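Novice: Got a structure for you, written out below as structure tokens; questions coming shortly.
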Amino acid sequence: MVISEVALHVFSGAVPGPRCDLLNSNLHFRVPRRINAICRKKQFSNSFNGSSHNRIWIYGMPSDDLSLQCHCQKAEGVAGVTSDGGNGAWFKDPGTTVNQILSDTNGQKILGVEELQQSNNGKPDVGDSNMSASDVAAGHAARKKKGSSIEDEAWRLLRDSVVYYCGSPVGTIAANDPADSSVLNYDQVFIRDFIPSGIAFLLKGEYDIVRNFILYTLQLQSWEKTMDCHSPGQGLMPASFKVRTVPLDGDESATEEVLDPDFGEAAIGRVAPVDSGLWWIILLRAYGKCSGDLSVQERIDVQTGIKMILRLCLADGFDMFPTLLVTDGSCMIDRRMGIHGHPLEIQALFYSALLCAREMLAPEDGSADLIRALNNRLIALSFHIREYYWVDMRKLNEIYRYKTEEYSYDAVNKFNIYPDQISPWLVEWMPNKGGYLIGNLQPAHMDFRFFTLGNLWSVVSSLATTNQSHAILDLIEAKWSDLVSDMPFKICYPALEGQEWKIITGSDPKNTLRLLV
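Per our numbering, numbering through the sequence shown is continuous, rising by one, with the last residue being 592.
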């Protein structure tokens with residue numbers, strides 16, 4: 076569980092950092108409805124040795140809107156950073172970041188280490204007892220060399236996927252397959268796809284690309300995007316963006332770089348991203364915790380961006396539940412998976428984003444109501460997920476004994492779940508020791524599929540209780556062959572097949588058993 080403790084420390088802020096009150100109740104800040112940041116590169120004649128000159132133009136901004144800084148420059152410097160080479164600002168001692176995080180776990184042991192040592196009379200396990208010390212050392216060296224070569228190759232591929240805007244790194248493309256002639260939108264920077272890349276850069280001490288990603292995507296938050304004359308809610312973050320180089324009107328010798336966001340109006344299936352804003356808040360908190368640079372989260376525009384996302388997620392609606400109601404295809408793989416309603420993945424991200432936002436919001440009178448609503452939602456959401464989404468052998472036995480059509484305030488079967496919904500595979504698959512959070516819960520419907528990201532992120536963010544977290548890991552260990560198999564980790568289990576696959580996915584050939592497992 077030490078890994079989940081480390082992640083919790085990074086994302087939800089076990090040790091809140093110092094705050095700087097940059098906002099006051101008398102300050103009125105309006106985010107422009109459309110911000111089109113363009114970096115123009117004009118090539119001069121040979122008399123200037125072929126050098127280029129960059130200019131920034133901001134379009135679509137009324138004179139009373141907040142001015143943006145030059146996007147062609149590197150990220151702003153902060154205390155303790157240098158700009159010696161590389162892509163921009165770097166911290167002098169990035170290697171201390173991981174040690175600092177690990178040292179804050181209050182000396183918790185990694186499960187199994189002490190037991191392993193005790194089983195060998197206090198000596199570490201070195202494999203075959205007949206092996207000499209030199210053979211053991213050679214084996215360790217070979218494994219270390221192999222692991223190092225794999226890691227080096229992974230970093231090379233990751234750096235090859237970096238996207239630059241006005242000379243600064245702003246993200247990584249979603250996929251880079253030279254053998255695939257159909258690029259579609261996989262050459263764009265997706266918000267959710269950059270999160271693992273961003274965390275890797277943070278742990279490596281390369282903070283510049285993450286900072287740029289956070290600030291540039293924030294500028295895209297309030298663009299006027301429409302589909303069939305309808306605009307999305309204010310505060311929606313794009314699913315992806317692309318850096319396009321287009322010729323400058325009236326000047327054939329100049330080009331301009333344009334950030335072109337996609338809010339779903341051009342995406343396959345035309346689905347708006349629900350998880351982008353939640354991931355953005357989580358990455359912002361991770362950046363502040365890893366780099367120590369709290370100036371980004373304390374900026375007025377960043378504070379406003381956080382509040383816009385929270386107001387969009389906390390807005391009152393027709394729903395009676397504290398969970399977020401989302402449409403199918405608006406998260407995960409952006410395709411129909413039968414998760415319309417209240418999917419676990421979104422609820423886990425929602426809970427984690429609320430925790431991160433609570434740590435980053437500057438204390439001021441204008442934020443009091445928002446923070447109060449945030450705290451109330453955290454309490455209701457955590458109880459709802461822990462109580463109603465949890466399933467193990469004991470809970471299955473309870474569901475089998477449920478009475479249906481109960482009309483009362485103290486009904487046991489609050490969602491009118493019929494026991495016949497329990498699939499035969501679940502009874503045979505559920506281990507005696509272990510449990511998990513189901514994929515979805517709606518009136519008269521429980522989705523008993525195991526969704527990996529939702530369960531693991533519930534462990535990381537402490538949405539699941541300590542006992543539930545241990546049970547989730549026990550189940551993964553017991554069902555390792557089903558959940559891992561030939562993949563790093565399956566998206567969900569079991570995969571849809573046959574007629575059920577045709578009905579739920581719409582016979583989507585890219586959403587098949589082969590791709591999901």
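Positions of the beta carbon are idealized from the N, C-alpha and C atoms, including for glycine. Computed from a predicted structure; not experimentally measured.
CB residue 349 to CB residue 414, shorter than 7 Å?
Specialist: What you label residue 349 is simply residue 274 of the sequence shown in a count that begins at 1. What you label residue 414 is simply residue 339 of the sequence shown in a count that begins at 1. In this structure, residue 414 does not lie closer than 7 Å to residue 349 by Cβ.
Novice: Using the Cα positions of residue 329 and residue 239, report the straight-line distance between them to the nearest angstrom.
Specialist: Start at 1 with the first residue of the sequence shown, and residue 329 comes out as number 254. Start at 1 with the first residue of the sequence shown, and residue 239 comes out as number 164. In a straight line, the C-alpha of residue 329 is about 18 Å away from that of residue 239.
Novice: Report the residue from 436, 288 and 515 whose alpha carbon sits nearest the alpha carbon of residue 523.
Specialist: As a working note, residue 523 is residue 448 in the sequence shown. It is 515 whose Cα lies nearest to the Cα of residue 523.
Novice: Helix, strand or coil: how does DSSP classify residue 317 here?
Specialist: Residue mapping note: residue 317 aligns to position 242 of the sequence shown, counting from 1. The answer is strand: DSSP assigns residue 317 an E or B state.
Novice: Taking 7 Å as the cut-off, decide whether the C-beta atoms of residue 293 and residue 352 are in contact.
Specialist: Residue 293 sits at position 218 when you count from the first residue of the sequence shown. Residue 352 sits at position 277 when you count from the first residue of the sequence shown. No, Cβ-Cβ distance for residue 293 and residue 352 is not below 7 Å.
Novice: I need the DSSP call for residue 308, collapsed to helix, strand or coil.
Specialist: By 1-based counting over the sequence shown, the position of residue 308 is 233. Residue 308 falls in the coil class under three-state DSSP.
Novice: Going by Cα to Cα distance, which pick from 425, 564, 399 and 397 is closest to residue 357?
Specialist: If you number the sequence shown from 1, residue 357 lands on position 282. Residue 425 is the option with its Cα nearest to residue 357.
Novice: Could you tell me which residues DSSP pairs with residue 401 in its beta bridges?
Specialist: Walking along the sequence shown from the start, residue 401 turns up at place 326. In the DSSP output, where bridge partners are listed per residue, residue 401 has 416.
Novice: Give the straight-line distance between the Cα atoms of residue 565 and residue 559, rounded to the nearest whole angstrom.
Specialist: Translated into the one-based positions of the sequence shown, residue 565 becomes position 490. Translated into the one-based positions of the sequence shown, residue 559 becomes position 484. Going by the C-alpha atoms only, they are around 6 Å apart.
Novice: Roughly how many angstroms separate the alpha carbons of residue 531 and residue 542, rounded to a whole number?
Specialist: Start at 1 with the first residue of the sequence shown, and residue 531 comes out as number 456. Start at 1 with the first residue of the sequence shown, and residue 542 comes out as number 467. Each residue's alpha carbon lies about 14 Å from the other.
Novice: Is the closest heavy atom of the ligand NAP to the C-beta of residue 322 under 6 Å?
Specialist: Here there are no bound small molecules, and the ligand NAP is not part of this structure.
Novice: Would DSSP call residue 408 helix, strand or coil?
Specialist: Along the sequence shown, one-based indexing puts residue 408 at 333. DSSP places residue 408 in coil when its eight states are reduced to three.
Novice: Let me know the secondary structure DSSP gives residue 327 once reduced to three states.
Specialist: Position 252 of the sequence shown, counted from the first residue, corresponds to residue 327. Residue 327 falls in the strand class under three-state DSSP.
Novice: Can you tell me the Cα-Cα spacing of residue 508 and residue 547, whole angstroms?
Specialist: Along the sequence shown, one-based indexing puts residue 508 at 433. Along the sequence shown, one-based indexing puts residue 547 at 472. So the alpha carbons of these two residues sit roughly 9 Å apart.
Novice: Please list, in chain order, all residues of the same chain as residue 486 whose beta carbon is under 7 Å from its beta carbon, the five residues on each side excluded.
Specialist: Within the sequence shown, numbered from 1, the residue matching residue 486 stands at position 411. Excluding residues within five positions, none has a Cβ falling inside 7 Å.
Novice: Can you give me the C-alpha to C-alpha distance between residue 551 and residue 427, rounded to a whole angstrom?
Specialist: As a position in the sequence shown, residue 551 is number 476, starting the count at 1. As a position in the sequence shown, residue 427 is number 352, starting the count at 1. Each residue's alpha carbon lies about 22 Å from the other.
Novice: Starting from residue 521, trace the beta strand (DSSP E) in both directions and tell me its first and last residue.
Specialist: Along the sequence shown, one-based indexing puts residue 521 at 446. 520-522 is the extent of the beta strand (DSSP E) around residue 521.
Novice: For residue 270, collect the residues of the same chain with a Cβ closer than 7 Å to its Cβ; drop the 5 residues on either side in sequence, then sort them by chain order.
Specialist: The count along the sequence shown starts at 1 and reaches residue 270 at position 195. So the list reads 354 and 358, once near-sequence residues are dropped.
Novice: Rounded to a whole number of angstroms, what is the C-alpha to C-alpha distance between residue 306 and residue 253?
Specialist: Position 231 of the sequence shown, counting from 1, holds the residue named residue 306. Position 178 of the sequence shown, counting from 1, holds the residue named residue 253. Roughly 36 Å between the two C-alpha positions.
Novice: Skipping 5 residues on each side, what residues in its chain have a beta carbon closer than 7 Å to that of residue 468?
Specialist: Residue 468 sits at position 393 when you count from the first residue of the sequence shown. The answer, listed in chain order, is 505 and 507.
Novice: Where does residue 535 land, buried or exposed, given buried means 16+ other C-beta within 10 angstroms?
Specialist: Residue 535 sits at position 460 when you count from the first residue of the sequence shown. Buried, since its Cβ has 16 or more Cβ neighbours within 10 Å.
Novice: Can you look up residue 479 in the DSSP assignment and give me helix, strand or coil?
Specialist: Here the question's residue 479 lines up with position 404 in the sequence shown. In the structure shown, residue 479 sits in coil (DSSP, three-state: anything other than H, G, I, E or B).
Novice: Can you tell me which of the three DSSP states residue 540 falls into?
Specialist: Here residue 540 refers to the residue found at position 465 when the sequence shown is read from its first residue. Three-state result, residue 540: coil.
Novice: In chain order, which continuous runs of the alpha helix (DSSP H) of length 4 or greater are located wholly inside the stretch 363-390?
Specialist: The qualifying runs are 375-389.
Novice: I need the straight-line Cα distance from residue 453 to residue 384, nearest angstrom please.
Specialist: As a working note, residue 453 is residue 378 in the sequence shown. As a working note, residue 384 is residue 309 in the sequence shown. Going by the C-alpha atoms only, they are around 16 Å apart.
Novice: Can you tell me the Cα-Cα spacing of residue 287 and residue 488, whole angstroms?
Specialist: By one-based count along the sequence shown, residue 287 stands at place 212. By one-based count along the sequence shown, residue 488 stands at place 413. Roughly 49 Å separates the two Cα atoms.
Novice: Could you tell me the boundaries of the alpha helix (DSSP H) in which residue 517 lies?
Specialist: For the purposes of this step, residue 517 is taken as the residue at position 442 of the sequence shown. First-last for residue 517: 515-517, but that is the beta strand (DSSP E), not the alpha helix (DSSP H).
Novice: Residues in its own chain within less than 6 Å of residue 282 by CB, not counting five upstream and five downstream?
Specialist: For the purposes of this step, residue 282 is identified with residue 207 of the sequence shown, where counting begins at 1. These residues qualify, in order along the chain: 366.
Novice: Grouping DSSP H, G and I as helix and E and B as strand, with all else coil, what is residue 572?
Specialist: In the sequence shown, counting from the first residue as 1, residue 572 sits at position 497. Three-state DSSP puts residue 572 in coil, outside helix and strand.
Novice: Using the C-alpha atoms, what's the distance from residue 259 back to residue 318?
Specialist: The residue given as residue 318 occupies position 243 in the sequence shown. The residue given as residue 259 occupies position 184 in the sequence shown. Cα to Cα, the separation comes out at about 15 Å.
Novice: Decide if residue 382 is buried, meaning its Cβ has at least 16 other Cβ atoms within 10 Å, or exposed.
Specialist: Residue 382 sits at position 307 when you count from the first residue of the sequence shown. It counts as buried.
Novice: Rounded to a whole number of angstroms, what is the C-alpha to C-alpha distance between residue 390 and residue 491?
Specialist: On the sequence shown, position 315 is the one that residue 390 refers to. On the sequence shown, position 416 is the one that residue 491 refers to. Approximately 27 Å, taken between the alpha carbons.
Novice: Specify, as a first and last residue, the run of the alpha helix (DSSP H) that residue 272 falls within.
Specialist: For this step, residue 272 is matched to residue 197 along the sequence shown. Start and end: 266-279.
Novice: Which class does residue 498 belong to by DSSP, given the choice of helix, strand or coil?
Specialist: Sequence index remark: in the sequence shown, residue 498 carries index 423 (1-based). Reduced to three states, the DSSP call for residue 498 is coil.
Novice: Would residue 225 be called buried (16 or more neighbouring beta carbons within 10 Å of its own) or exposed?
Specialist: Reading the sequence shown from its first residue, position 150 is the one you call residue 225. Exposed, since its Cβ has fewer than 16 Cβ neighbours within 10 Å.
Novice: Taking DSSP as the reference, what is the three-state secondary structure of residue 431?
Specialist: Here the question's residue 431 lines up with position 356 in the sequence shown. Residue state, collapsed to three classes: helix.
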